[in-house]
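Those protein sequence lines, which keep their order, are chains A and B.
Under this note's numbering, the first residue of the first sequence is numbered 300, with each subsequent residue one higher.
Under this note's numbering, the first residue of the second sequence is numbered 300, with each subsequent residue one higher.
Where is the CB? At the ideal position from N, CA and C, for every residue including glycine.
2 protein chains.
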Amino acid sequence: MSDEVAVTSLDDLRWNADGLIPVVAQDESNGDVLMMAWMNREALERTVEEGRMVYWSRSRSKLWRKGDTSGHTQTWSELRVDCDADVLLAKVHQEGAACATGNRSCFYRELPGSSDHEDLLPTPS
Amino acid sequence: MSDEVAVTSLDDLRWNADGLIPVVAQDESNGDVLMMAWMNREALERTVEEGRMVYWSRSRSKLWRKGDTSGHTQTWSELRVDCDADVLLAKVHQEGAACATGNRSCFYRELPGSSDHEDLLPTPS
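Structure, rendered in structure tokens:
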């Protein structure tokens, strides 16, 4: 058994070198994993405060209040933290599609070749 | 709508600067999110090939064939990739506990204070 990392405040979270933590968003209605994105401390504070998921957009380097543009908001019902305090899990009510492609989940496709366990692998030489 | 990143081989995955990709493991039996860990390319190749989850341990800097020590193996039934090809989702059969603490899922605790939306936030000045 390993010990858990105690978390009594946001300071105890193990933010990465860029000050970010990955967050898995799960559909509270059916358990589907919708997406994974990142939060910095301000994003998490706003998420806790507003009851809506606010991420940090790494590509745009700014807060990303999910759904402000698309209307596809996420309101959370549970925020969980993992044993070593470096990943968060949010159970959310997803309005519309989580994915910008229009799919409800970002994980709408299988890794090509994974179903037959070989197409993706290098050809043996 | 955004375009998806096409994935026809492992080269198309968007490995991070350290050559890693985050992987969410989900219990195929009940949809619980069990853990998030990282894979490098070799770990993913072995995962695809062996049908068992093989991660990259960032703390030990070596391949981590889940369950070799604990017996708590993960065999996957589906490997999925997200729209922008930088996160994987594995649906797995979990033997025993996914978490080294002995809990079935690593997300066994709520983020403290999140249920009342305020304990974690800085006190207003």
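Sequence-distant residues of the same chain with beta carbon closer than 6 angstroms to residue i, five excluded per side
i: B:Leu388; result: Val323 and Arg379
i: A:Ser376; result: Glu327 and Lys390
i: B:Val304; result: Asp383 and Ala384
i: B:Trp314; result: Ile320
i: B:Glu348; result: none
Outcome for residue i when other beta-carbon atoms lying within 10 angstroms are tallied against a minimum of 16
i: A:Ala316; result: exposed
i: A:Thr346; result: buried
i: B:Asp381; result: buried
i: A:Ser308; result: exposed
i: B:Ser413; result: buried
Boundaries of the beta strand (DSSP E) in which residue i is found, first to last residue
i: B:Val391; result: Leu387 to Gln393
i: A:Leu362; result: Lys361 to Arg364
i: A:Arg379; result: Gln373 to Val380
i: B:Tyr354; result: Val353 to Ser356
i: A:Pro321; result: Ile320 to Asp326
Same chain only: Cβ atoms within 7 angstroms of residue i, ignoring 5 sequence neighbours per side
i: B:Asn402; result: Ala396
i: B:Trp355; result: Leu319, Trp337, Met338, Asn339, Ala342, Leu362 and Trp363
i: A:Arg357; result: Trp337
i: A:Phe406; result: Val332
i: B:Ser360; result: none
Residue i: first and last residue of the uninterrupted alpha helix (DSSP H) it sits in
i: A:Ala342; result: Arg340 to Glu349
When the options are compared against residue i, the one with the closest alpha-carbon
i: B:Gln373; options: B:Asp302, B:Val306, B:Ser404 and B:Trp314; result: B:Ser404
i: A:Asp326; options: A:Pro411, A:Glu344, A:Trp314 and A:Cys398; result: A:Cys398
i: A:Gln393; options: A:Glu349, A:Asp331 and A:Arg359; result: A:Asp331
i: B:Asp302; options: B:Asp383, B:Trp314 and B:Glu409; result: B:Asp383
i: B:Lys365; options: B:Phe406, B:Val353 and B:Arg357; result: B:Val353
i: B:Leu333; options: A:Glu348, A:Asp311 and A:Val386; result: A:Val386
i: B:Met335; options: B:Pro321, B:Glu348, B:Arg359 and B:Thr368; result: B:Pro321
i: B:Ser369; options: B:Thr400, B:Glu344 and B:Ser360; result: B:Thr400
Proximity test, residue i beta-carbon vs the ligand FAD heavy atom, cut-off 7 angstroms
i: B:Ser356; result: The ligand FAD is not part of the structure shown, which contains no ligands of any sort.
Cβ shell of residue i (< 8 angstroms), same chain only, five flanking positions each side left out
i: B:Gly350; result: Thr374 and Trp375
i: B:His371; result: Lys365, Gln393, Glu394, Gly395, Ala396 and Ala397
i: A:Glu344; result: Leu309
i: A:Val306; result: Leu312, Val380 and Ala384
Cβ-based contacts, 8 angstroms cut-off: residues of the region 342-363 of chain B near chain C: Although the question refers to chain C, the structure presented lacks it and instead comprises the protein chains A and B.
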